[in-house]
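Structure, as structure tokens:
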Amino acid sequence: IMYDALTELADLSLLLQDRCLSLSEANGCIDRTIRIFDSMAENHGPKFKEVNDAFAKSNIEFKNVKLATNKSIPKIIQSQFFRSLANNLRSRLFTTQASHVSSVNDNQFKEKYSQLLKDLDYLDVKNWPDDCDILYGDENIRRL
């Protein structure tokens, strides 16, 4: 479980270190990782499956290391672990609402957040059309 989680977090970390990454692209990378963790809460990751297959066999080896069960070490509950990772990433994702504010009007803030990301895309030259009007994105920039 830990290997699968750390692999996904390492991939996200490498993506976020790219200096050419825009804020909306970074948001998309984090959102994708959240969806992966939500999925892993229900479906086993590749290394977890590999370990389970090794335990199903009588020799109980993983990468030439003999495995043994230890009842004194508490077992990680996969669904709870991956949901917790997803929720922690969600809570740290860029938002327009403070964490201590009630989420009654959550949809309103989500719309503002989406609009903010769209407006920020107008600052990125690679999103500009080849032949654009001199006032292209003016309204979006003023809104920022």
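Mapping to UniProt numbering: the sequence shown position 32 is 32, numbers consecutive. Every residue, glycine too, gets a C-beta built ideally from N, C-alpha and C.
Please report the distance separating the alpha-carbon of residue i from that of residue j.
i    : j    : result
D124 : N87  : 30 angstroms
E42  : N140 : 40 angstroms
F55  : E61  : 7 angstroms
D11  : R142 : 35 angstroms
M2   : S39  : 15 angstroms
T69  : C29  : 36 angstroms
D121 : S22  : 8 angstroms
K118 : E111 : 11 angstroms
R83  : C20  : 30 angstroms
L89  : I34  : 7 angstroms
W128 : L93  : 26 angstroms
Decide if residue i is buried, meaning its Cβ has at least 16 other Cβ atoms within 10 Å, or exposed.
i   : result
A5  : buried
V65 : exposed
T7  : exposed
I77 : exposed
I36 : buried
L85 : buried
L16 : exposed
So what does residue i bridge to, in DSSP terms?
i   : result
K66 : E61
Considering residue i, what are the terminal residues of the alpha helix (DSSP H) in which it resides?
i    : result
I77  : Where I77 is concerned, there is no enclosing alpha helix (DSSP H), given that its DSSP letter is neither H nor E.
R19  : Element bounds for R19: n/a, residue is neither H nor E.
D53  : P46 to A56
D138 : D138 to R143
Please confirm if residue i has its CB atom under 9 angstroms from at least one CB of chain B.
i    : result
L144 : Within the model displayed, chain B is absent; a lone protein chain is all it includes.
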